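At the far end of the sequence shown sits residue 520, using the working numbering, and the numbering has no gaps.
A virtual CB, placed ideally from N, CA and C, is assigned to each residue, including glycine.
Every value quoted in this text rests on a predicted model; they were computed, and no experiment measured them.
Heads up, the thing below is written out as structure tokens.
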Amino acid sequence: MTNTFSRGLSRRAFLQTTALLGLGLGAGPGFAQNLVKTEGLKPAIGPFRWLDSGGQKGEFFKQYLAKYAQIQGIEVVYDGLPWKEISSVLPLGIRNQSAPDTFNLPIGMEPSVAIAEGWLQPIDNLIPDFDTWKKAYPDGAFVEGVNVFGGRTYGFPFSTERRFNNALLFNQDMMNAAGYDKIGADRALTFEEMRDAAKKMTEGSGGRSFGFIIGGAQEQRWGDVATMLAQRGGATVGNTGLLQGMDLKTGQFAFDHDAYVAGVELLLAMRDDGSVFPGCLTIIAPQAREFITQGAAGMIIQGPWNVPIWEATAPSFKFGVSPGPAPDEASLDNPIWVMQLPNSANMMWLNAKAKNPQYAGDIFHWLGTVEGQVAYANVASSADPAIFPESIKLAKLSDRAKIMLKMAEDRVRVAPNPLVRQPGLSKVAAAYVDPTPNLAQAVQGLFSGQLSGVKATLKKASDARNKALDTAIAKAKAAGAGVSRDDFVFANWDPSRDFGPADYAKL
Numbered sequence: 014m015t016n017t018f019s020r021g022l023s024r025r026a027f028l029q030t031t032a033l034l035g036l037g038l039g040a041g042p043g044f045a046q047n048l049v050k051t052e053g054l055k056p057a058i059g060p061f062r063w064l065d066s067g068g069q070k071g072e073f074f075k076q077y078l079a080k081y082a083q084i085q086g087i088e089v090v091y092d093g094l095p096w097k098e099i100s101s102v103l104p105l106g107i108r109n110q111s112a113p114d115t116f117n118l119p120i121g122m123e124p125s126v127a128i129a130e131g132w133l134q135p136i137d138n139l140i141p142d143f144d145t146w147k148k149a150y151p152d153g154a155f156v157e158g159v160n161v162f163g164g165r166t167y168g169f170p171f172s173t174e175r176r177f178n179n180a181l182l183f184n185q186d187m188m189n190a191a192g193y194d195k196i197g198a199d200r201a202l203t204f205e206e207m208r209d210a211a212k213k214m215t216e217g218s219g220g221r222s223f224g225f226i227i228g229g230a231q232e233q234r235w236g237d238v239a240t241m242l243a244q245r246g247g248a249t250v251g252n253t254g255l256l257q258g259m260d261l262k263t264g265q266f267a268f269d270h271d272a273y274v275a276g277v278e279l280l281l282a283m284r285d286d287g288s289v290f291p292g293c294l295t296i297i298a299p300q301a302r303e304f305i306t307q308g309a310a311g312m313i314i315q316g317p318w319n320v321p322i323w324e325a326t327a328p329s330f331k332f333g334v335s336p337g338p339a340p341d342e343a344s345l346d347n348p349i350w351v352m353q354l355p356n357s358a359n360m361m362w363l364n365a366k367a368k369n370p371q372y373a374g375d376i377f378h379w380l381g382t383v384e385g386q387v388a389y390a391n392v393a394s395s396a397d398p399a400i401f402p403e404s405i406k407l408a409k410l411s412d413r414a415k416i417m418l419k420m421a422e423d424r425v426r427v428a429p430n431p432l433v434r435q436p437g438l439s440k441v442a443a444a445y446v447d448p449t450p451n452l453a454q455a456v457q458g459l460f461s462g463q464l465s466g467v468k469a470t471l472k473k474a475s476d477a478r479n480k481a482l483d484t485a486i487a488k489a490k491a492a493g494a495g496v497s498r499d500d501f502v503f504a505n506w507d508p509s510r511d512f513g514p515a516d517y518a519k520l
């Protein structure tokens with residue numbers, strides 16, 4: 014057999030598993046000399062097929078799976094597709110029984126739904142000495158309702174959600190010239206300082222660049238940035254999906270919280286100062302990221318994936334990183350929260366009708382060891398961080414990547430997740446219909462001038478979302494789900510530390 018890849022397949026080609034390209038890629042750093050053939054695996058039935066969303070983790074799997082195919086003597090097909098295509102081709106592939114052996118689930122699809130519809134099978138029996146293997150993971154990597162269902166493990170975690178997804182990244186020379194050379198991983202800007210820095214960057218450039226840029230054509234960027242700013246202001250809200258903007262101590266959406274209002278007002282103030290890149294509403298995040306390296310803007314709020322991208326594509330560009338800005342000095346040490354430790358978007362799931370599940374289990378086994386995690390971290394860097402914390406110390410990472418990862422370890426905490434507490438809430442999520450405008454649309458509308466009145470607009474969006482959730486709960490209860498609004502309330506949560514399995518057990 015030969016090692017094969019399929020890259021950038023069309024929807025039709027993906028479903029027909031054609032257009033395979035034979036590649037002779039060498040192994041990436043960290044596993045070239047260490048991989049050995051696993052004996053005793055059943056012969057492959059056709060190619061072993063892997064589907065994920067690409068990105069920095071995809072760079073690792075392109076290298077690793079090429080080497081794995083060579084050592085095992087099997088044919089491997091790797092597809093790294095955009096999320097939009099995964100949402101289209103995977104359900105059709107499942108129906109046609111042509112889906113890959115292992116894959117990322119489409120964004121927004123609850124694993125419990127995929128299991129109920131017969132998409133998935135557990136991985137417990139495919140990994141040798143499974144219980145011992147799981148113990149090497151950090152606490153919270155395997156959670157009922159996230160990747161464990163009915164006591165069986167379905168989702169394979171290899172990367173962590175403990176990352177500063179909306180950090181401040183900046184042109185170091187422009188930041189220094191604005192008088193804020195003290196800003197870095199240990200000292201964020203206050204809102205007032207960020208506004209001042211953006212204004213000085215704009216004025217100091219002579220019209221050649223602006224202080225701040227955002228990929229404003231991507232609607233969700235507005236909701237994500239506003240939520241990070243609110244969290245930095247002390248709002249104990251969820252950060253993503255159905256739970257974005259929900260105060261997890263009360264179970265109510267709180268877009269009109271003072272911290273949300275202050276964050277949105279910061280964005281509007283920079284706009285009114287003329288400090289925001291003009292045309293930001295027409296560009297997407299990757300374009301905004303590239304404008305930074307070209308000197309068109311000084312600051313951007315984006316994720317840790319920028320670090321390896323900039324270091325690879327603009328090696329001479331001098332940039333720094335810091336936590337997202339906070340309202341005032343008293344808030345500088347406030348954490349931000351994610352909903353779980355394992356990165357569920359990156360998580361791999363095993364096709365219930367996989368032709369070669371034994372090879373998925375073999376790969377999962379190796380990638381769930383320190384050796385595999387370090388090899389992964391060497392390539393994924395800070396973009397999609399390895400889930401083993403020790404990999405940060407052992408991997409060959411750039412100084413900036415280490416700083417970004419350390420910043421996440423210090424400042425990102427795991428919040429309570431209602432869907433973990435009560436798996437029946439997946440039926441609520443399935444019934445939920447987001448109102449218009451939602452948070453992202455409201456913030457985008459305020460910035461564009463189509464909407465006015467920050468507090469009133471955010472309260473309207475918050476009230477509408479609370480009503481929509483009540484409607485979804487009623488529908489789920491009518492369908493037999495034993496759920497209530499109380500399932501969303503964690504009144505005794507300590508936001509300063511991770512909410513883990515032991516905390517759920519006490520509920």
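Would you identify the three-state DSSP class for residue 310, choosing helix, strand or coil?
Within the sequence shown, numbered from 1, the residue matching residue 310 stands at position 297. Secondary structure at residue 310: strand, using DSSP grouped into helix, strand and coil.
* Asked: Quick one: complete alpha helix (DSSP H) runs, 4+ long, within the segment 193-219?
  -> Those alpha helix (DSSP H) runs which fall completely within the segment 193-219 and span 4+ residues are 204-217.
- Query: residue 211 to residue 183, Cα distance in whole Å?
  - Reply: Working through the sequence shown from its first residue, we reach residue 211 at position 198. Working through the sequence shown from its first residue, we reach residue 183 at position 170. Spanning the two alpha carbons is a distance of roughly 11 Å.
* To do: Starting from residue 469, follow the alpha helix (DSSP H) in both directions and report where the run begins and ends.
  => Start at 1 with the first residue of the sequence shown, and residue 469 comes out as number 456. Counting along the chain, residue 469 sits inside the alpha helix (DSSP H) bounded by residues 467-491.
Practice task
Give the DSSP-derived three-state secondary structure of residue 372 in the structure shown.
Solution key: Here the question's residue 372 lines up with position 359 in the sequence shown. In the structure shown, residue 372 sits in a helix (DSSP, three-state: H, G or I).
* Give me the Cβ distance between residue 331 and residue 185, rounded to the nearest whole Å; I'm assuming they're in contact under 8 Å. => Locating residue 331 in the sequence shown gives position 318, counting from the first residue. Locating residue 185 in the sequence shown gives position 172, counting from the first residue. So it is a contact: roughly 4 Å between Cβ atoms.
*CB of residue 179 to nearest heavy atom of the ligand FMN: below 7 Å?*
Looking for the ligand FMN in the displayed structure turns up nothing, as the structure carries no ligands at all.
For residue 394, three-class secondary structure by DSSP: For the purposes of this step, residue 394 is identified with residue 381 of the sequence shown, where counting begins at 1. Three-state DSSP puts residue 394 in coil, outside helix and strand.
Original post:
When burial is assigned at 16 or more other CB atoms within 10 Å of the CB, is residue 70 buried or exposed?
Top reply: Taking the first residue of the sequence shown as 1, we reach residue 70 at position 57. So residue 70 ends up on the buried side.
Please go through the same chain and pick out, in chain order, the residues whose beta-carbon is closer than 6 Å to the beta-carbon of residue 41, but skip the five residues on each side of it. Here residue 41 is taken as the residue at index 28 of the sequence shown, counted from 1. Low per-residue confidence applies at residue 41: pLDDT is 45, beneath 50, and the placement is therefore not dependable, though the value from the model is reported in the following sentence. 76 and 392, listed in sequence order.
> Which full runs of the alpha helix (DSSP H) of 4+ residues lie inside the segment 78-125, going along the chain?
Replying inline: 96-109
* Please list, in chain order, all residues of the same chain as residue 214 whose beta carbon is under 6 Å from its beta carbon, the five residues on each side excluded. => On the sequence shown, residue 214 is found 201 positions in, with the first residue counted as 1. Taken in chain order, the residues that qualify are 187, 191, 224 and 311.
_Distance check for residue 342 and residue 125, CA to CA, integer angstroms please._
Numbered from 1 along the sequence shown, position 112 holds the residue referred to as residue 125. Numbered from 1 along the sequence shown, position 329 holds the residue referred to as residue 342. Cα to Cα, the separation comes out at about 43 Å.
- request: Tell me, please, whether the CB atom of residue 70 is closer than 8 Å to any CB atom in chain D?
  value: Looking for chain D here will not work: only one protein chain is present.
- How many Å lie between residue 277 and residue 425 at the Cα? Numbered from 1 along the sequence shown, position 264 holds the residue referred to as residue 277. Numbered from 1 along the sequence shown, position 412 holds the residue referred to as residue 425. Cα to Cα, residue 277 sits roughly 22 Å from residue 425.
### Message
Pull the bridge partners of residue 184 from the DSSP assignment, please.
### Response
As a position in the sequence shown, residue 184 is number 171, starting the count at 1. Bridge partners of residue 184: 332.
### Query
Would residue 404 be called buried (16 or more neighbouring beta carbons within 10 Å of its own) or exposed?
Residue mapping note: residue 404 aligns to position 391 of the sequence shown, counting from 1. Per the 10 Å Cβ criterion, buried.
Rounded C-alpha distance that separates residue 358 from residue 117:
For the purposes of this step, residue 358 is identified with residue 345 of the sequence shown, where counting begins at 1. For the purposes of this step, residue 117 is identified with residue 104 of the sequence shown, where counting begins at 1. If I take the Cα positions, the gap works out to 7 Å.
Within its chain, find whatever has a CB closer than 6 Å to the CB of residue 522; leave out the 5 residues flanking it on each side and keep chain order. Lying outside 14 to 520, the shown extent of the chain, residue 522 is not represented and no answer is given.
Discussion item. Quick check on residue 138: buried or exposed, where buried means 16 or more other Cβ atoms within 10 Å of its Cβ?
Written reply: Reading the sequence shown from its first residue, position 125 is the one you call residue 138. So residue 138 counts as exposed.
Is the separation between the beta-carbon of residue 274 and that of residue 283 shorter than 8 Å?
As a working mapping, residue 274 is identified with position 261 in the sequence shown. As a working mapping, residue 283 is identified with position 270 in the sequence shown. Against a cut-off of 8 Å, the Cβ pair of residue 283 and residue 274 comes out as no contact.
Margin query: Measuring straight from C-alpha to C-alpha, what distance separates residue 35 and residue 82?
Written below: On the sequence shown, position 22 is the one that residue 35 refers to. On the sequence shown, position 69 is the one that residue 82 refers to. Unreliable positioning characterises residue 35 in this predicted model, as indicated by a pLDDT of 29, which lies under 50. The coordinate reading is nonetheless provided below. Taking the straight line from one Cα to the other gives about 11 Å.
Requested in this report: Return helix, strand or coil for residue 133, following the three-state DSSP convention.
Outcome: Here residue 133 corresponds to residue number 120 of the sequence shown, with the count starting at 1. In the structure shown, residue 133 sits in a strand (DSSP, three-state: E or B).
Contained beta strand (DSSP E) runs [length at least 3] in the segment 398-440, N- to C-terminal order = 425-427
_So, with DSSP's three-state summary, where would you put residue 510?_
Residue mapping note: residue 510 aligns to position 497 of the sequence shown, counting from 1. The answer is coil: DSSP assigns residue 510 none of H, G, I, E or B.
(message) Could you give the first and the last residue of the continuous beta strand (DSSP E) run that contains residue 285?
(response) What you label residue 285 is simply residue 272 of the sequence shown in a count that begins at 1. Careful: residue 285 lies outside any beta strand (DSSP E), inside the alpha helix (DSSP H) at 271-285.
The beta strand (DSSP E) spanning residue 364 covers which residue range? As a position in the sequence shown, residue 364 is number 351, starting the count at 1. In this chain, the beta strand (DSSP E) harbouring residue 364 covers 361-364.
Leaving out five residues before and five after residue 146 in sequence, what residues of the same chain have Cβ atoms less than 7 Å from its Cβ?
-> Along the sequence shown, one-based indexing puts residue 146 at 133. Closer than 7 Å at Cβ, skipping near neighbours: 140, 378 and 381.
key: Spatial neighbours of residue 296 in its chain, beta-carbon cut-off 6 Å, leaving aside the 5 residues before and after   = Taking the sequence shown and counting its residues from 1, the one referred to as residue 296 is at position 283. Taken in chain order, the residues that qualify are 228 and 230.
Fill in: Between the CA atoms of residue 221 and residue 47 - distance to the nearest angstrom
Numbered from 1 along the sequence shown, position 34 holds the residue referred to as residue 47. Numbered from 1 along the sequence shown, position 208 holds the residue referred to as residue 221. Between the alpha carbons of residue 47 and residue 221 lies a gap of roughly 50 Å.
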